[in-house]
Amino acid sequence: MPELPEVETIVRDLQELIPGTTIKNLQILRPNVIRGSDTIFKDNLIGKTFQSISRRGKNIIANMDSGLILVVNLGMTGRLGLQQDDCVFTHPAIYFTLNFGKILVYDDVRRFGKLDIYSEQEWLDRSAQLGPEPLSPEYKHTDLHEKLNSSGSPIRSWLLDQKNVVGVGNIYANESLHLSGIHPQRPANRITKTESQLLYKALRKILLSAIQNRGTTLRNYRDVSGKGGNNSSKLRIYGRHGENCLSCSDQVQRISFSNRSAFFCPSCQR
DNA sequence: AGTCCACCCTGAGGGC
DNA sequence: TGCCCTCAGGGTGGAC
Ligand SMILES: [Zn+2]
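Quick note, this note's numbering runs 2 ahead of the 1-based positions in the first sequence.
Rendered as structure tokens:
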């Protein structure tokens with residue numbers, strides 16, 4: 003499932019391939035991955051040139067020369083890649099035919115992903131509704147602590163809410179909470195200042211190291227060239243229920259709330 | 001306003 | 001072999 007490190011890896015790959023290329027043609031095989039009208043989507047993109055690629059949370063941002071912005075959210079199984087002999091796409095949803103002869107494919111098994119076109123102002127407004135970037139130099143532990151105080155939600159749910167902080171999904175939420183010794187169901191406003199500092203450091207460390215490992219591949223995630231990430235063997239709590247905690251050898255527990263699994267060590271996390 | 005939850009989807013894997 | 005069930009969880013819209 004693409005979270006911040008996986009999207010960052012894809013964005014860095016795309017930055018090497020896409021800026022300066024022009025969309026010659028667009029084939030929409032699965033219209034329900036496009037938010038709004040697919041005709042307008044086509045009209046806004048065919049003949050336009052990619053200027054730059056960046057990331058905001060789990061969104062891939064493509065600035066076009068027309069001033070419009072293509073925003074791609076990969077959902078659970080979304081994937082971008084160039085159609086080549088060694089790259090297999092099982093569920094293509096959109097083909098972008100590029101001017102250098104290659105085809106950029108948006109592939110999505112479950113079609114939870116969404117592609118959308120924004121004007122610059124519309125995107126600024128939308129982006130302003132999202133929380134801070136956890137890896138930004140401007141993001142401080144005091145920002146996290148202050149925001150935690152205003153919510154009684156379980157901390158795992160709080161971390162998944164993109165209005166609080168962007169880019170965190172279930173894997174890295176669980177990993178960060180284990181590293182900082184906080185139980186996933188602890189109400190956000192009952193996290194002490196010291197603990198919020200630990201959580202802040204853990205979150206950044208976990209995300210940075212996952213980027214260095216090019217993301218976590220458990221099932222579907224692939225980078226632009228079709229390769230999986232190397233971070234799955236580094237996970238210390240996610241998916242390890244029934245096994246021994248790597249920090250204290252107590253048994254890892256799995257619980258479920260808000261329709262998602264949470265993994266924790268009863269000894270290390272309170 | 002804040003919080004919760006069903007829903008959108010498909011494939012993998014287990015039980016029988 | 002095959003059918004049915006559960007599980008995976010990002011984002012959203014509607015309920016309370
Ligand atoms: Zn432990």
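All residues carry an ideal CB built from backbone N, CA and C; glycine is no exception.
Given the structure is predicted, the values throughout are model-derived calculations rather than measurements.
Do residue i and residue j have their C-beta atoms within less than 8 Å of each other?
i	j	result
Ser153	Asn191	yes
Val226	Leu28	no
Ile208	Ser178	yes
Glu5	Ile173	yes
Leu137	Arg206	yes
Phe52	Thr23	yes
Where does the unbroken beta strand (DSSP E) through residue i begin, and where does it stop?
i	result
Asn27	25-30
Phe52	52-58
Asp109	105-110
Arg256	255-259
Pro94	94-100
Leu84	80-84
What span of residues does the alpha helix (DSSP H) with residue i cover, start to end?
i	result
Asp127	122-130
Pro33	Unbroken run through Pro33: none, as it is neither H nor E.
Ile42	40-47
Leu6	6-19
Could you compute how far the alpha carbon of residue i sits from the alpha carbon of residue j?
i	j	result
Gly241	Phe265	7 Å
Phe114	Val107	16 Å
Val167	Tyr141	10 Å
Leu47	Lys203	41 Å
Leu237	Leu162	18 Å
Leu220	Gly230	9 Å
Thr41	Ile119	12 Å
Gly49	Glu124	22 Å
Val13	Ile71	15 Å
Ser54	Thr144	32 Å
Val74	Phe102	22 Å
Glu122	Ala64	11 Å
Ser159	Gly133	14 Å
So, for residue i: in the same chain, excluding its five sequence neighbours on each side, which residues have a beta-carbon less than 6 Å away from its beta-carbon?
i	result
Ile18	Checking the sequence shown, residue 18 turns out to be Glu, not Ile. Excluding residues within five positions, none has a Cβ falling inside 6 Å.
Ser258	none
Arg112	Met78, Thr79
Near residue i, which residues of its chain fall below 8 Å by C-beta distance, leaving aside the five closest residues on each side in sequence?
i	result
Asp110	Arg32, Val35, Leu76, Gly77, Thr79, Gly80, Arg81, His93, Ala95
Asn246	Asp252, Gln253, Val254
Report all residues from its chain with a CB closer than 7 Å to the CB of residue i; omit the five preceding and five following residues, and keep chain order.
i	result
Ile157	Leu179, Ile184, Pro186, Arg188, Ala190, Ile193
Completely contained beta strand (DSSP E) runs for the segment 215-239, where each covers 3 or more residues: none
Specify which residues have a beta carbon nearer than 5 Å to any heavy atom of ligand 3, listing them in chain order. With respect to ligand 3, the structure shown offers nothing to examine, as its ligands consist of ligand 1.
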